[in-house]
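Here's the structure, in structure tokens; my notes come after.
There are 2 protein chains.
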Amino acid sequence: MTLTVSLFMAFLGPAPAVSLRAQTTSAQASDSENSGLELMPVPASVKLESGQLAVTRNFTVALSGPRDPLLDRAAARFLHHLSLLTGMPFSEALSDPSKAALVVEAREASSALPQLGEDESYVLDVNSTQARLTAPNSLGVLHGLQTILQLVRTTPDGFSVPAVHIEDKPRFPWRGLMIDVSRHFIPVDAIKRNLDGMEALKLNVFHWHLSDNQGFRVQSKVFPKLQELGSDGLYYTQDEVRDVIAYARDRGIRVVPEFDMPGHATAWFVGYPELASAPGPYSIEREWGIFDPAMDPTRETTYRFLAKFIREMARLFPDAYFHIGGDEVNGKQWDANPSIQSFMKSHGMKTTLDLQHHFNSRVEKILENNHKIMIGWDEIFTSDLPKDTIIQSWRGQESLAEAARQGYRGVLSYGYYLDLMWPASQHYAVDPLGAGAATLDSEQSARILGGEACLWTEFVTPENVDTRIWPRTAAIAERLWSPQSVEDVSSMYQRLGVEDWRLELLGMQNRSEHALMMDRLAGPAGSASLEVLADTVEPVKGYTREHLAASAGIKQTSADPLNRLVDAVPPESEEARKFAEDVDALIYSGFTNKDAEARVRASLQSWHANDMRLAPLLAGSFLLKELAPLSNDLAELGAAGLAALDAADRGADLTPAQLQQWAPVIQESEKPQADLLLMVAPSVQRLLAAKTSPAPSIQSNPKTSSTK
Amino acid sequence: MTLTVSLFMAFLGPAPAVSLRAQTTSAQASDSENSGLELMPVPASVKLESGQLAVTRNFTVALSGPRDPLLDRAAARFLHHLSLLTGMPFSEALSDPSKAALVVEAREASSALPQLGEDESYVLDVNSTQARLTAPNSLGVLHGLQTILQLVRTTPDGFSVPAVHIEDKPRFPWRGLMIDVSRHFIPVDAIKRNLDGMEALKLNVFHWHLSDNQGFRVQSKVFPKLQELGSDGLYYTQDEVRDVIAYARDRGIRVVPEFDMPGHATAWFVGYPELASAPGPYSIEREWGIFDPAMDPTRETTYRFLAKFIREMARLFPDAYFHIGGDEVNGKQWDANPSIQSFMKSHGMKTTLDLQHHFNSRVEKILENNHKIMIGWDEIFTSDLPKDTIIQSWRGQESLAEAARQGYRGVLSYGYYLDLMWPASQHYAVDPLGAGAATLDSEQSARILGGEACLWTEFVTPENVDTRIWPRTAAIAERLWSPQSVEDVSSMYQRLGVEDWRLELLGMQNRSEHALMMDRLAGPAGSASLEVLADTVEPVKGYTREHLAASAGIKQTSADPLNRLVDAVPPESEEARKFAEDVDALIYSGFTNKDAEARVRASLQSWHANDMRLAPLLAGSFLLKELAPLSNDLAELGAAGLAALDAADRGADLTPAQLQQWAPVIQESEKPQADLLLMVAPSVQRLLAAKTSPAPSIQSNPKTSSTK
């Protein structure tokens, strides 16, 4: 599933200007955003009260309501997480409700599996003697426990939770994260870690993209050559799958498997070439892109295979929904196969899309026989599908709206592609009921079930997977859970920073993966100056990394090491965002804001001095030497920015000679180098523009207006 | 096993002065130390040749010699570790010897288990086309593979291994690490991680201290109340034990279990009070120290119990050696029990030590029946033990020498107690054949088998266990492996820094545990100024933490949270060590060394300015407010040091008024605060002394001369 984005889209501006615009132009943040409690996602309703509940080492939990082993485990996990956040050991023995610090009550025992549309609400009351969490069922309890963990504060007197009354429920019932484990295999421990992260952010659907051209990742006992020949030995056993599903279920998370068909299926054909529309042999695809191989939808043997395969997988994956992919079939193998062509002609099919719809409806029947409801990407949509089919859209809200008008349900993933390296603010601005879906009536709107963050793994390995998912996915989680009115970007970033910190304490590796890759790049002596450079850059956006390689004639493959700076840095530079805020504050103050000026100057000086210190390290490593131009540009940007500040100090503008001197570096620093963007460049550019007379027509960062 | 150390021993000086002394007074580093290859432990013989072997993504391994599944796994693990160090994916498929980048040959297949005294030697030849590793058996191969991993370098052209001829073998056959999992339970994943660390440093004995007053940590099926009532549910199942042993075996590591008896056994008595010498009931001990409960050595039922128990454990733990502890029996329960007293009288025993020796000899018979050889702490030693008994000494080389003269073998742990928070240099200076063992003849010396680093876990949890073991244990590993002539402390610290970095890349958490605990203390916004303070301190030394609590009337227990700065900082401050080196260089140069002066000044300025920035954070957290006096002292030390530098700039000495002004802070900064020592204080003191006329009699840091 790849979006086609033109090369110029790569040059996205940094988040800060977006952030500032939102601050100044968006509606006031809602009360729950402004509670000061730094909850994420923001609950539907928060009432802060006076007092606080002490969290001492005697903190205990009591369970009231019907006995539910899932809640026993949830209570133990809650106490373990409380230990991770406080460093205090707690007894996991359950307590008596009259004595417990926290009393939990679910009115009904859990269903065997979480179901789409179950009531996920909860009410939390905390006073200075006790916290009380009540919910219709265990799902609300799980969410409420996460809210309590987010409320724990360090004070001068100890750990505590503020007195509060929270009534909370999600806006959308489908709040997902998709991980592609085909392009790069992601092992079970990393999957589980990210399920923990999902629970922490109240996400409830793990969409497991299990097969694609580059790998078939589940053990099939019926067709063992699928994993034996299609995975390089990197696949999940059925026991591991069951273990992951149980792990997810304990966290209120449904697991929806995806087996992409009829395209994106090369890995199947390595073991079973007879499924394909052109003769084999096939081998596992090592490159990225859209490829020709597709299942043959005209042969009954294909459906007999799929019937057996789906029956096996339908038993392995208990969720009611089953994802068949269905995206990006280019039809070339079908066009080239005379027998398929004659089938199409004899069945009155005009296009390969017609043939794919025929395939889909055959597969849908198989799913029905196995009591599964079909979900697929935009391309599967036709108006003769059963009405319970769900469309997942990478195309956008208009695509979903069209389906919703015809009675179909939809899940949005357009705007939530984590691998495009967008800033959190950009994902945050995408609403499943915004844009083309904004005009739906209430009945139609109700068919928009929510959304899914998607991580495609061309450039993701177990070494950096957490940095690609977190913390940005927390912003998407908030969009899908919180009231639509919650949209203050500045508040979001404030809380996102807290989550970034908290997730690492809870066992994610969003920070440590970065630290480890930087350590490897810098070598045993470490390098503060490599950090200085790394803090100012971001990976190129969209599909620029593929496009740059293609224009350089480089074939990227799944065997390429992902050990460069672009693989190590987070998708979003906090330093660049804060620098942009300071630069804007400085400019808007007419260069009178001394605090902002001091911070801006310190950054510029540090960048200016950095290249000289860093150059020897870069020269000594084949992995780092590609960074030399970037480091040089950063130094020059530092010098240019300092010249603008000096001009401001003199109450003057930059001279034409100065402007001419800095023009090349500004231009240069906008280009990707080593697949990285110098994210501080647009802010320096604004600084220069503000000290240029007459002021250029650019009012604020011009790049950010074209990010969508 | 606790050493009795008087309170004043707490005030150890920092490592640097030791380091400097070693640099100036010790013998020249050997050739292999000076090879520039940064190997640790230093091999017996290294010859650097010209050229290098490229490590590309096509790097492959071939196994020649008899088929050995252990080596298949070792080759796969080697390639995995090579991936972690380079970020390059490698195929794990074994290659043909004529084509492989690395050819490995063990002349014999592995024995079922590693045995004490097996040949562990290897020869490694690397030229620009191939590396060749040969060894008599798999143990040498395992060690040689670790040497290759240490040789991998990043160059301007790629990763490579230098051409080299290495012939290597250990100096001692018993090179161990003991972990106490009783006082705090250490889970299997942390044990395995540290077995990886042991393999990386060529250690070969994991001594598992499995029972003590505070917990019985292994599942017994014969006597299940041992773990059910004696462990708070924190114990290893027998399956987990077998898994750990197999994991260790794959890494050439023997696993020696210790069940401490007849003292240190309160946890046994919770389930089986009839074993004790005084009536119960007993509960798990929650405090630290030496306690009265001891098994009753006069009842046959005790030995019948032990016979069954040891039979069960002897089958679970396959190593030939079985550790019975035997330390610190205070005899009080025996003195107080009339029936035991009359037994002693009727058997002609004068002291409780006689009774313990009676117990030991009964237990030894049981071990013999189970084909096990006894090992125990100093206290078990009497001259009528079987000659194959091994004495492990916490008392010192003289104790071992005495046993060796009488024909007994010994393992040194005196000087290798990691929980005492000594600097690596101090452990490094302890030689099993030094001090009281230096006068042994060659036959007696051969009975000194080696040594063991020991980690007692009063103040260690799974959150900081790696920081307590690594990297310091690497210095002990080198002492036990490398030729005795390898003793250059400066070279050791250089290579220890590389290992600290490498171990984290290989999956240890020696750095990330510290980072995570600091993150928790600092809160979501982080705090560079908390890092500045943390970098200058070390935990108090020896048993000072216990003594300080005792003198404050505080009862420390196993339920105490270990979440303070003292728990988060590494045992040794690299910053203090480097600052001391710079200060000494500055003083020895007569204040003319400008580079040293610039670094010293920058540090002093940073400390001087830090308190103001840090104070608000400290005031806001109950966990941090204990640090306020320390932070203030650091600021004043900064000011004092700057005054000395300013005096030097003027070519003058400090005035009497200045000296009087700084005297209180110097005195204050020598005292522990918050269980921490300001490790930069002695260096600032030397700086002041150097600018005082007449110079005080102190020549260098007076503290370091009394560290042993």
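Residue numbers (the working numbering), protein chains in the order written: chain L, 1 to 708; chain G, 709 to 1416.
By construction, the Cβ of each residue, glycine as well, lies at the ideal position given by its N, Cα and C atoms.
Fair warning: this is a prediction, and the values are worked out from it, not measured in the lab.
Which word fits residue i, buried or exposed, when buried means at least 16 other C-beta atoms lie within 10 angstroms of its C-beta?
i, result
"residue 989 (chain G)", "exposed"
"residue 692 (chain G)", "Chain G is shown from 709 up to 1416; residue 692 (chain G) falls before or after that span and cannot be answered."
"residue 995 (chain G)", "exposed"
"residue 1358 (chain G)", "exposed"
"residue 590 (chain L)", "exposed"
"residue 1429 (chain G)", "Past the edges of chain G, shown from 709 to 1416, lies residue 1429 (chain G), and the structure says nothing about it."
"residue 75 (chain L)", "buried"
"residue 259 (chain L)", "buried"
"residue 461 (chain L)", "buried"
"residue 347 (chain L)", "exposed"
"residue 1079 (chain G)", "exposed"
"residue 384 (chain L)", "exposed"
"residue 612 (chain L)", "exposed"
"residue 1180 (chain G)", "buried"
Roughly how many whole angstroms lie between the Cα atoms of residue i and residue j?
i, j, result
"residue 915 (chain G)", "residue 234 (chain L)", "35 Å"
"residue 1065 (chain G)", "residue 1058 (chain G)", "12 Å"
"residue 85 (chain L)", "residue 1260 (chain G)", "28 Å"
"residue 187 (chain L)", "residue 219 (chain L)", "14 Å"
"residue 769 (chain L)", "residue 261 (chain L)", "Nothing can be reported for residue 769 (chain L): it is not among the residues displayed for chain L, which extend from 1 to 708."
"residue 215 (chain L)", "residue 375 (chain L)", "21 Å"
"residue 528 (chain L)", "residue 181 (chain L)", "34 Å"
"residue 1309 (chain G)", "residue 1300 (chain G)", "13 Å"
"residue 863 (chain G)", "residue 1206 (chain G)", "16 Å"
"residue 444 (chain L)", "residue 168 (chain L)", "24 Å"
"residue 728 (chain G)", "residue 1381 (chain G)", "Legend: pLDDT at residue 728 (chain G) = 32, less than 50; position of this residue unreliable, value from coordinates given subsequently. For residue 728 (chain G) and residue 1381 (chain G), the distance between alpha carbons rounds to 27 Å."
"residue 1227 (chain G)", "residue 508 (chain L)", "14 Å"
"residue 883 (chain G)", "residue 451 (chain L)", "56 Å"
"residue 1317 (chain G)", "residue 1354 (chain G)", "17 Å"
Please check the pair residue i and residue j, which I expect to be a contact at CB under 8 Å, by giving their CB distance rounded to whole angstroms.
i, j, result
"residue 1024 (chain G)", "residue 949 (chain G)", "6 Å"
"residue 756 (chain G)", "residue 870 (chain G)", "6 Å"
Check whether the Cβ of residue i sits closer than 7 Å to any heavy atom of the ligand GTP, and report yes or no.
i, result
"residue 1193 (chain G)", "Here there are no bound small molecules, and the ligand GTP is not part of this structure."
Counting only beta-carbon separations shorter than 8 Å, does residue i have a partner in chain L?
i, result
"residue 932 (chain G)", "no"
"residue 736 (chain G)", "Caution applies to residue 736 (chain G), whose pLDDT of 42 falls short of 50 and renders its modelled position unreliable; the value that the coordinates give is listed next. It does not; no Cβ of chain L falls within 8 Å."
"residue 732 (chain G)", "For residue 732 (chain G), the pLDDT reaches just 31, beneath the cut-off of 50, and the residue's location in the model is therefore unreliable, although a value from the coordinates is still provided. Not an interface residue."
"residue 1333 (chain G)", "yes"
"residue 1205 (chain G)", "yes"
"residue 744 (chain G)", "no"
"residue 795 (chain G)", "yes"
"residue 864 (chain G)", "yes"
Please decide whether residue i counts as near chain G, where near means a Cβ-Cβ distance under 8 Å.
i, result
"residue 622 (chain L)", "yes"
"residue 563 (chain L)", "yes"
"residue 559 (chain L)", "yes"
Segment contact flag, the segment 1242 to 1258 of chain G with the segment 1103 to 1117 of chain G, C-beta cutoff 8 Å, min 3 pairs
The answer is no - the segment 1103 to 1117 of chain G does not touch the segment 1242 to 1258 of chain G, with fewer than three Cβ pairs under 8 Å.
Between the segment 1264 to 1282 of chain G and the segment 1228 to 1246 of chain G, are three or more C-beta pairs nearer than 8 Å?
Using a C-beta cut-off of 8 Å, the segment 1264 to 1282 of chain G makes contact with the segment 1228 to 1246 of chain G, since at least three inter-stretch Cβ pairs fall below that distance.
The segment 581 to 601 of chain L / the segment 498 to 518 of chain L touching (three or more Cβ pairs under 8 Å):
The segment 498 to 518 of chain L and the segment 581 to 601 of chain L do not touch, with fewer than three beta-carbon pairs separated by less than 8 Å.
Counting beta carbon pairs with one atom in the segment 1020 to 1038 of chain G and one in the segment 811 to 825 of chain G, are three or more of them shorter than 8 Å?
Taking a cut-off of 8 Å on C-beta distances, the segment 811 to 825 of chain G touches the segment 1020 to 1038 of chain G, as three or more cross pairs fall below it.
Validate contact between the segment 42 to 51 of chain L and the segment 479 to 491 of chain L using beta carbons, cut 8 Å, 3 pairs:
In this structure the segment 42 to 51 of chain L touches the segment 479 to 491 of chain L; the number of beta carbon pairs closer than 8 Å is three or more.
Decide yes or no for the touch test of the segment 185 to 203 of chain L against the segment 90 to 109 of chain L: beta carbon pairs closer than 8 Å, at least 3 of them.
With the cut-off at 8 Å, the segment 185 to 203 of chain L and the segment 90 to 109 of chain L do not touch.
Assess, as a yes-or-no matter, whether the segment 1034 to 1049 of chain G is touched by the segment 1009 to 1017 of chain G under the definition of 3 or more beta carbon pairs within less than 8 Å.
No, they do not touch.
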